[in-house]
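Protein chains: 2
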Amino acid sequence: MEESSESPLVLVHRPPTLAYMDDHLSRNFRLLNAHLSPDPLPLFLSRHAASVTAFVNIGRLKIDAELLSHLPSLQLLVCTSVGTDHVDLAECKRRGIAVTNAGDAFSDDVADCAVGLLLSVLRRIPAGDRYVRSGNWSKPGQFQLGIKTKRYIVVGYRESVDKDENYLMNLVSGKRVGIIGLGSIGSRIAKRLEPFGCIISYNSRTQKQSIPYRYYSDVLSLAADNDVLVLCCSLTDQTRHVVNREVMESLGKEGVIINVGRGGLIDEEEMVKCLVEGVIGGAGLDVFEKEPQVPEELFGMDNVVLSPHAAVATPGALESVAEVAIANLKAFFSNQPLVSPVRLG
Amino acid sequence: MEESSESPLVLVHRPPTLAYMDDHLSRNFRLLNAHLSPDPLPLFLSRHAASVTAFVNIGRLKIDAELLSHLPSLQLLVCTSVGTDHVDLAECKRRGIAVTNAGDAFSDDVADCAVGLLLSVLRRIPAGDRYVRSGNWSKPGQFQLGIKTKRYIVVGYRESVDKDENYLMNLVSGKRVGIIGLGSIGSRIAKRLEPFGCIISYNSRTQKQSIPYRYYSDVLSLAADNDVLVLCCSLTDQTRHVVNREVMESLGKEGVIINVGRGGLIDEEEMVKCLVEGVIGGAGLDVFEKEPQVPEELFGMDNVVLSPHAAVATPGALESVAEVAIANLKAFFSNQPLVSPVRLG
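Residue numbers (my numbering), protein chains in the order written: chain A, 1 to 345; chain B, 1001 to 1345.
Written out as structure tokens, the structure is:
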């Protein structure tokens, strides 16, 4: 650990268990570890951080105007997530504080998670896993290839062909998938789904040039024309509750929602109602509005797959995000362009 | 339902619940429904099936020499599965009975299932789903992004970087995937995994021409050079227990096995030991040696995903296999080449 006084000073705050960046940071900078102080954070910052120009915020500590007011010299805020909805970007802009995020470090992981959730919902993988673990598959008298629920035959052949019966375990091939947010994550999801025979379209702020997928300028039409909606855009004032009751009604009773963005992109209360009422057909959710609180109504549903905000939780991704954070700090201290700046509106 | 005496006669046997082909069959043929008789099958066949030339076996009824001896005029056996390990193919060859299977009808479904299981094991999707449903994620005092097991941090960030600690939740990108059996299913799995950044190689009876993937003539070397083994070959005398203890030791402690072929491809007893002992890292299994019996040791493992032989259980696939079966029967009765003949060795 070199902590020479020549190294620039960097303020760090992290949850106790997120130690993955400690080595990287201490090798390159002098650190002011706010999370190690017993003092309340505002007090600690007022006392020790007046001259701090760079702040690495590991995790999801809310960065609002009040907290920023204790950092009068701050010029750079390094975030370790892709989304920066926990940061008051308007205040950062007003103050001239640059903000960086995880850039592409997580993109492959999040795309893998989204496709994994999509397959898990359509093919009922966790429901089938529960069924086998329950021991019911091998019980005498049960049809060996069937699980039935109220509305679906979850795994196994249909016992009777009732055309009005709704079911979802189905070919992934041919599914129309509408992606909301075709950035670095969304485009990786599209690329992965193409060889499954999925038909991709998307919504984003502006139409992308030289992208072969059909563009929808509004989410309602996107939902109407697709079987699956995948949410992987930023959470902003414009995208909060972008999936509301009307969009879910438009998606329809066999429609599936996959959310690897932020919980606030969906009106969660309405989504629970839509799932209970069969307005939509299923959901695969890595994020929730009040996580780690998850609506308990979802716990009994076989057409829903729940994931504890784990899309980025791979060792490879943590290594990558540490590299991106260090690269941003080094660029900042040597007056080079930042590696992954966040647009401040 | 036209059952004119002009229509050819077809013998049918199916489990009670697999009615999906009834309409297709009765529209085209006169049917001798063996499964509707209260008589034991051999007795029924001896009494009524002496002149039968075509037999549709829906499901997995064992077709051995003894059963075939009651069908002296049989020329065509139509199976509705891809694998025909339940049929004595040597006896069919000796008797000059042609055998057909499901052809490509299930290939997309099985490939989707294989990739779904692979993502589910590597990204611990069912384990994460169990964790959220248990309510533990939101319990105060628990780290909100972590689930720890004995050997793995299943979902969430690693608490400490212990290089000797074994873990599997990881990037799918860059994983080396060895496919055993690069037929219509295996090649679809390869195609799907390419955009995830997986590196594909394969083993099959003979090297395929104009295939870019590296070929291994033996499974032991394939296992040694790969992170994941995917089994999607036929079960034959040559492939029974193709994955034995030696192969699993070669695959190694972070290695994962995905099986969408037949349970008998793996020495299941040894596989359970290898999972218990940490010789391999995980498994995603749609098939089992004595299904629906599944070794109970697997029920408590978070690095294992269990599926009740559901790879083909989609309505789309059932429609497709009915079409293939009918097409084979029509071809047979009009002396045209069969659509999906099985090679009889």
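Built from N, CA and C at the ideal position, the CB exists for glycine as well.
Beta-carbon proximity check, residue i vs residue j, cutoff 8 Å
{"i": "Leu-1231(B)", "j": "Val-1243(B)", "result": "yes"}
{"i": "Ser-134(A)", "j": "Pro-126(A)", "result": "no"}
{"i": "Leu-1220(B)", "j": "Ile-1257(B)", "result": "no"}
{"i": "Ile-1211(B)", "j": "Leu-1251(B)", "result": "no"}
{"i": "Thr-314(A)", "j": "Leu-1193(B)", "result": "no"}
{"i": "Leu-1306(B)", "j": "Val-1324(B)", "result": "no"}
{"i": "Ile-1063(B)", "j": "Met-1021(B)", "result": "no"}
{"i": "Phe-1332(B)", "j": "Ala-1054(B)", "result": "yes"}
{"i": "Leu-32(A)", "j": "Ala-19(A)", "result": "no"}
{"i": "Val-99(A)", "j": "Leu-344(A)", "result": "yes"}
{"i": "Ala-1283(B)", "j": "His-1024(B)", "result": "no"}
{"i": "Asp-1112(B)", "j": "Phe-196(A)", "result": "yes"}
{"i": "Val-279(A)", "j": "Glu-249(A)", "result": "yes"}
{"i": "Ile-199(A)", "j": "Ile-179(A)", "result": "no"}
{"i": "Arg-1030(B)", "j": "Pro-1008(B)", "result": "yes"}
{"i": "Val-1110(B)", "j": "Val-1342(B)", "result": "no"}
{"i": "Leu-1117(B)", "j": "Asp-1286(B)", "result": "yes"}
{"i": "Leu-1061(B)", "j": "His-1013(B)", "result": "yes"}
{"i": "Tyr-215(A)", "j": "Ala-190(A)", "result": "no"}
{"i": "Ile-97(A)", "j": "Leu-67(A)", "result": "no"}
Short CB-CB distance (under 8 Å) between residue i and chain D
{"i": "Pro-1308(B)", "result": "Here chain D cannot be found, since the structure's protein chains are A and B."}
Residue i burial status per 10 Å Cβ neighbour count (16 or more: buried)
{"i": "Thr-84(A)", "result": "buried"}
{"i": "Arg-1158(B)", "result": "Residue placement at Arg-1158(B) is flagged as unreliable, the pLDDT there being 34, under the threshold of 50; the coordinate-derived value follows with that caveat. When all chains shown are included, Arg-1158(B) counts as buried."}
{"i": "Asn-1101(B)", "result": "buried"}
{"i": "Asp-1088(B)", "result": "buried"}
{"i": "Ser-69(A)", "result": "exposed"}
{"i": "Asn-226(A)", "result": "buried"}
{"i": "Lys-175(A)", "result": "buried"}
{"i": "Leu-43(A)", "result": "exposed"}
{"i": "Glu-1268(B)", "result": "buried"}
{"i": "Thr-1206(B)", "result": "exposed"}
{"i": "Pro-308(A)", "result": "buried"}
{"i": "Val-1132(B)", "result": "buried"}
{"i": "Cys-1090(B)", "result": "The residue you asked about is not Cys; residue 1090(B) is Ala in the sequence shown. The residue is exposed, with fewer than 16 neighbouring Cβ atoms inside 10 Å."}
{"i": "Ser-1334(B)", "result": "exposed"}
{"i": "Ser-1107(B)", "result": "buried"}
{"i": "Leu-1275(B)", "result": "buried"}
{"i": "Arg-1123(B)", "result": "buried"}
{"i": "Asp-1162(B)", "result": "Because the pLDDT of Asp-1162(B) is 36, which lies under 50, any placement of that residue in the model is unreliable, and the number read from its coordinates should be weighed accordingly. Asp-1162(B) should be labelled exposed."}
Bridge partners - residue i, DSSP secondary structure assignment
{"i": "Gly-282(A)", "result": "Val-256(A)"}
{"i": "Asn-347(A)", "result": "This structure does not reach residue 347(A), given that chain A is present from 1 up to 345, and the question cannot be answered."}
{"i": "Phe-1055(B)", "result": "Leu-1011(B), Leu-1077(B)"}
{"i": "Thr-1100(B)", "result": "Val-1078(B), Pro-1341(B)"}
{"i": "Ser-1125(B)", "result": "Before going on, a small fix: residue 1125(B) reads as Ile here, not Ser. Answer by DSSP bridge pairing: none, since Ile-1125(B) is not bridged."}
{"i": "Lys-290(A)", "result": "Gln-293(A)"}
Residue i versus residue j: straight-line alpha-carbon distance, rounded
{"i": "Ser-1320(B)", "j": "Ala-1310(B)", "result": "16 Å"}
{"i": "Leu-265(A)", "j": "Thr-239(A)", "result": "6 Å"}
{"i": "Ala-223(A)", "j": "Asp-104(A)", "result": "27 Å"}
{"i": "Ala-65(A)", "j": "Ser-217(A)", "result": "33 Å"}
{"i": "Val-1052(B)", "j": "Pro-1038(B)", "result": "19 Å"}
{"i": "Met-1011(B)", "j": "Asn-303(A)", "result": "The sequence given here places Leu at residue 1011(B); Met does not occur at that position. Distance between the alpha carbons of Leu-1011(B) and Asn-303(A) is about 38 Å."}
{"i": "Val-260(A)", "j": "Arg-188(A)", "result": "13 Å"}
{"i": "Ser-81(A)", "j": "Ala-1317(B)", "result": "41 Å"}
{"i": "Glu-291(A)", "j": "Ile-1185(B)", "result": "39 Å"}
{"i": "Met-1301(B)", "j": "Trp-1137(B)", "result": "19 Å"}
{"i": "Arg-262(A)", "j": "Ser-173(A)", "result": "27 Å"}
{"i": "Glu-1296(B)", "j": "Gly-281(A)", "result": "32 Å"}
{"i": "Arg-95(A)", "j": "Asp-237(A)", "result": "20 Å"}
{"i": "Leu-1045(B)", "j": "Lys-273(A)", "result": "55 Å"}
{"i": "Ser-73(A)", "j": "Pro-15(A)", "result": "24 Å"}
{"i": "His-1115(B)", "j": "Ile-326(A)", "result": "A quick correction: the sequence has Val, not His, at residue 1115(B). Distance between the alpha carbons of Val-1115(B) and Ile-326(A): 35 Å."}
{"i": "Ser-160(A)", "j": "His-1035(B)", "result": "Its pLDDT being 33, under 50, Ser-160(A) is placed unreliably by the model, and the measurement read from it follows with that caveat. Their Cα atoms are separated by approximately 17 Å."}
{"i": "Glu-1006(B)", "j": "Ser-1204(B)", "result": "45 Å"}
{"i": "Leu-329(A)", "j": "Val-78(A)", "result": "8 Å"}
{"i": "Pro-1040(B)", "j": "Thr-1017(B)", "result": "19 Å"}
| request: Taking a Cβ distance cut-off of 7 Å, strictly less, list which residues of the segment 1288–1312 of chain B are near chain A, in chain order. | output: Pro-1292, Gln-1293, Val-1294, Phe-1299, Val-1305, Leu-1306, Ser-1307, Pro-1308, His-1309, Ala-1310
| request: Closer than 7 Å, Cβ to Cβ, to anything on chain A: give me those residues from the segment 1120–1131 of chain B, in chain order. | output: Ser-1120, Arg-1123, Ile-1125, Pro-1126, Gly-1128, Asp-1129, Tyr-1131
| field | Contact residues within the segment 55–76 of chain A, judged by C-beta distance below 8 Å to chain B | value | none
| In the segment 1193–1207 of chain B, which residues sit with their C-beta less than 8 Å from some C-beta in chain A, listed in chain order? | Glu-1194, Pro-1195, Phe-1196, Gly-1197
| field | Contact list for the segment 1098–1115 of chain B against chain A, Cβ threshold 8 Å | value | Asp-1108, Asp-1109, Asp-1112, Cys-1113, Val-1115
| Residues of the segment 1019–1043 of chain B with Cβ closer than 7 Å to any Cβ of chain A, in chain order | Ala-1019, Tyr-1020
| chain A contacts from the segment 1228–1262 of chain B (Cβ-Cβ distance under 9 Å) | none
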